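Peer 1: Each residue of the sequence shown is one higher than the last, beginning at 64 in my numbering.
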Amino acid sequence: MEHKIQPGGTPDSNSLKPEYKEVESPNSSNEELGPPIFDTAATKRLLRKLDFRLLPILAVLYLLSFLDRTNIGNARLFDLEKDLGMSGIDYNIALAIFFPTYVIAEVPSNMMIKRLSPSIWLTFIMVAWSAVVIGMGFVTNFGGLLAARAILGLAEGGLFPGVSYYITLWYPRHECGFRLALFFSAATAAGAFGGLLAVAIGQMEDVAGRPGWSWIFIIEGILTIVVAAFAYWIIVDNPNSAKFLNAEEKLEIDRRLVHDRSDLADEFDMRYFWDAVKDWKIYVHMLITIGIYTAVYSFSLFLPTIIRNMGYTNVQAQLLSVPPYVLGCIVTICAGYFADKFKQRAIFMLGFSATAIVGWVMLISTTIPGVQYTGTFLACAGIFPCVPLGVAWNGNNIGGSLKRGVGIAMHVGAGNLGGVLAAFIYLPKDRPEFHQGHGILIGVITMSFCLSTFMRWWLKKENARRDQWATENNLFPGSYTQEQKQSERAKGDYATFFRYTL
Numbered sequence: 064m065e066h067k068i069q070p071g072g073t074p075d076s077n078s079l080k081p082e083y084k085e086v087e088s089p090n091s092s093n094e095e096l097g098p099p100i101f102d103t104a105a106t107k108r109l110l111r112k113l114d115f116r117l118l119p120i121l122a123v124l125y126l127l128s129f130l131d132r133t134n135i136g137n138a139r140l141f142d143l144e145k146d147l148g149m150s151g152i153d154y155n156i157a158l159a160i161f162f163p164t165y166v167i168a169e170v171p172s173n174m175m176i177k178r179l180s181p182s183i184w185l186t187f188i189m190v191a192w193s194a195v196v197i198g199m200g201f202v203t204n205f206g207g208l209l210a211a212r213a214i215l216g217l218a219e220g221g222l223f224p225g226v227s228y229y230i231t232l233w234y235p236r237h238e239c240g241f242r243l244a245l246f247f248s249a250a251t252a253a254g255a256f257g258g259l260l261a262v263a264i265g266q267m268e269d270v271a272g273r274p275g276w277s278w279i280f281i282i283e284g285i286l287t288i289v290v291a292a293f294a295y296w297i298i299v300d301n302p303n304s305a306k307f308l309n310a311e312e313k314l315e316i317d318r319r320l321v322h323d324r325s326d327l328a329d330e331f332d333m334r335y336f337w338d339a340v341k342d343w344k345i346y347v348h349m350l351i352t353i354g355i356y357t358a359v360y361s362f363s364l365f366l367p368t369i370i371r372n373m374g375y376t377n378v379q380a381q382l383l384s385v386p387p388y389v390l391g392c393i394v395t396i397c398a399g400y401f402a403d404k405f406k407q408r409a410i411f412m413l414g415f416s417a418t419a420i421v422g423w424v425m426l427i428s429t430t431i432p433g434v435q436y437t438g439t440f441l442a443c444a445g446i447f448p449c450v451p452l453g454v455a456w457n458g459n460n461i462g463g464s465l466k467r468g469v470g471i472a473m474h475v476g477a478g479n480l481g482g483v484l485a486a487f488i489y490l491p492k493d494r495p496e497f498h499q500g501h502g503i504l505i506g507v508i509t510m511s512f513c514l515s516t517f518m519r520w521w522l523k524k525e526n527a528r529r530d531q532w533a534t535e536n537n538l539f540p541g542s543y544t545q546e547q548k549q550s551e552r553a554k555g556d557y558a559t560f561f562r563y564t565l
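(1) Classify R273 as helix, strand or coil using the three-state DSSP reduction.
(2) Can you name the start and end residues of the alpha helix (DSSP H) that A305 belongs to?
(3) Can you list, in chain order, the residues of its chain whose CB lies under 7 Å from that of M349, leaving out five sequence neighbours each side?
(4) Whole-angstrom Cβ separation of L452 and S361, contact assumed at under 8 Å?
(5) Would you decide whether T376 is buried or exposed? Buried here means 16 or more other CB atoms lie within 10 Å of its CB.
(6) I'd like to know whether the C-beta atoms of W423 and H322 end up nearer to each other than 8 Å.
(7) Just the Cα atoms here: how many angstroms apart are K145 and F161?
(8) So, helix, strand or coil for P386, using DSSP?
(9) Do L222 and L185 count as a contact pair if the criterion is CB distance below 8 Å?
(10) Could you check whether the region 123–142 touches the region 272–279, counting it as contact only if at least three pairs of C-beta atoms, one from each stretch, sit closer than 8 Å?
(11) Given a cut-off of 8 Å on the beta-carbon distance, is the pair G220 and S180 in contact?
(12) Would you mind listing the beta strand (DSSP E) stretches within the region 171–220 that are 3+ residues and don't spill past its ends, in chain order?
(13) Do you know how far the Cα of G463 is from the Cα of D556?
(14) State whether the region 284–293 contacts the region 187–200, with contact taken as three or more CB pairs (one from each stretch) at a distance under 8 Å.
(15) Roughly how many whole angstroms lie between the Cα atoms of F365 and T429?
(16) Does DSSP classify E546 as helix, strand or coil?
(17) Alpha carbons only, please: which of G206, L121 and G445 is nearest the one belonging to A419?
(18) Residue ranges of each alpha helix (DSSP H) run of no fewer than 4 residues wholly in the region 324–368, ordered along the chain?
(19) Flag this pair as yes or no: are the beta carbons of L208 and A168 separated by less than 8 Å?
(20) Are the CB atoms of V347 and M174 within a distance shorter than 8 Å?
(21) Starting from E268, trace the alpha helix (DSSP H) both ways and give me its first and last residue.
(22) Quick one: what does DSSP say E525 is sitting in, helix, strand or coil?
(23) According to DSSP, is I461 part of a helix, a strand, or is it coil?
(24) Under DSSP, the alpha helix (DSSP H) around T418 begins and ends at which residues?
(25) At a cut of 8 Å, does the region 288–307 reach the region 107–121 through at least three beta carbon pairs?
(26) Hey, out of N536, W521 and M267, whose CA is closest to R562's CA?
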């Protein structure tokens with residue numbers, strides 16, 4: 064028997080949302096659904112309805128998450144280190160301690176989101192991290208800051224992999240990239256918004272006897288907890304519990320997902336966890352994303368510092384950090400749209416990685432502020448699109464629901480280990496040029512570029528091998544019977560009818 068997630072029963076007078084639980088449904092249900100039946104116009108209307116209902120709250124969640132984890136970079140320019148008695152690489156240590164707990168939380172969190180529900184789990188972790196951020200505004204020493212940052216990592220760790228998995232519950236593989244790009248574009252928006260907000264909040268120096276950096280944490284944490292108060296009622300758990308869809312639209316979503324995923328296993332079974340852990344392809348993607356995330360976090364955590372060391376004042380540095388993020392936001396969304404349109408991931412990954420490398424070469428090769436500042440635009444526009452492209456590429460090529468959830472969490476978790484590296488990329492001793500930091504980032508992005516090239520070559524070769532087998536056996540992906548698909552449903556992406564996204 065196959066397990067599917069469905070709402071349980073009808074809400075009674077004490078419940079405004081249906082219960083979220085697993086119920087058994089027969090395997091034959093997939094055969095009864097059949098292929099998608101909506102025409103192009105109806106499909107576009109359905110996608111617009113999903114996008115407008117699902118994506119705004121997800122983008123807001125990630126904007127607040129990224130803002131709350133990186134606002135320490137803005138707080139630094141308002142005497143955070145001086146007030147807490149920090150010196151040397153203490154700031155870098157405070158950045159790094161966030162990421163180990165963040166990574167630890169990711170795989171268990173994705174398993175919890177499948178066991179409970181997206182609305183319950185995402186709301187819970189949001190309330191948890193907002194409370195920690197508010198608490199950061201009241202720390203009085205370096206030790207307190209370290210403790211708060213470590214707990215913040217644990218609380219925030221489940222959001223990005225959780226939402227990445229959640230999107231795959233609604234959209235077929237080649238529609239996920241654009242939606243992940245819209246979601247992740249909130250990170251670039253957070254960079255722009257955070258700089259402007261920090262300038263305004265920082266002027267609250269000595270209000271209620273608290274320093275300006277303290278108010279940055281307190282106010283941004285309160286903003287997050289206000290949104291969390293409504294998140295449970297806004298997040299829709301799955302298509303079957305979506306009140307904004309009619310019965311035929313729900314069926315069409317099911318048909319589209321079943322047609323796209325070829326009846327691969329969807330039940331909760333620990334063997335699919337181990338399938339993910341033993342899959343070498345996921346580890347290659349983990350290495351790719353370490354290079355990408357190291358650059359993303361280095362940029363996000365140190366951009367105000369880098370710009371300040373070009374010769375600008377603290378306030379000017381905060382304001383000048385906004386335009387690169389605006390460009391990065393636009394490019395990230397466009398990259399996701401065109402990658403989905405052409406059903407390609409690697410080519411876009413390679414192009415944007417190369418753009419980022421050019422940006423950091425401009426930062427390392429000159430001391431002319433105008434050239435360096437232009438380099439920040441290319442760095443941001445090149446590196447940020449690679450995050451949703453990479454997640455979508457890996458997720459597209461993992462067969463089976465639980466394996467995909469675990470694989471995405473492994474991917475994002477490894478990438479966030481890059482945050483530990485990022486914390487020590489730009490050291491005080493390297494001011495003002497930061498040649499060592501820029502050089503390291505050029506190196507790790509180049510590593511990701513090379514591994515992406517290898518991964519595309521292998522996937523293309525493997526697709527060709529399976530096509531050759533299909534020709535020899537006269538058994539093509541579209542010609543399998545339901546029984547033949549069912550016999551391979553536990554094989555995931557190693558099923559003979561599965562084809563990889565390049």
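Every residue, glycine too, gets a C-beta built ideally from N, C-alpha and C. As the structure is a prediction and not an experimental result, all values here were calculated from the model.
Peer 2: Result, derived from the coordinates:
(1) strand
(2) Taken as a continuous stretch (DSSP letters only), A305 belongs to no alpha helix (DSSP H), as it is neither H nor E.
(3) M473, H474 and A477
(4) Wrong, their Cβ atoms sit about 19 Å apart, outside the cutoff.
(5) exposed
(6) no
(7) 21 Å
(8) helix
(9) yes
(10) Segments in contact, yes.
(11) no
(12) Entirely contained in the region 171–220, not one beta strand (DSSP E) run reaches 3 residues.
(13) 7 Å
(14) Judged by Cβ distances under 8 Å, the region 284–293 makes contact with the region 187–200, as three or more pairs qualify.
(15) 18 Å
(16) helix
(17) G445
(18) 333–340
(19) no
(20) no
(21) It is not in any alpha helix (DSSP H) - E268 carries neither H nor E in the DSSP assignment.
(22) Reduced to three states, the DSSP call for E525 is helix.
(23) coil
(24) A409 to I427
(25) The region 288–307 is in contact with the region 107–121.
(26) W521
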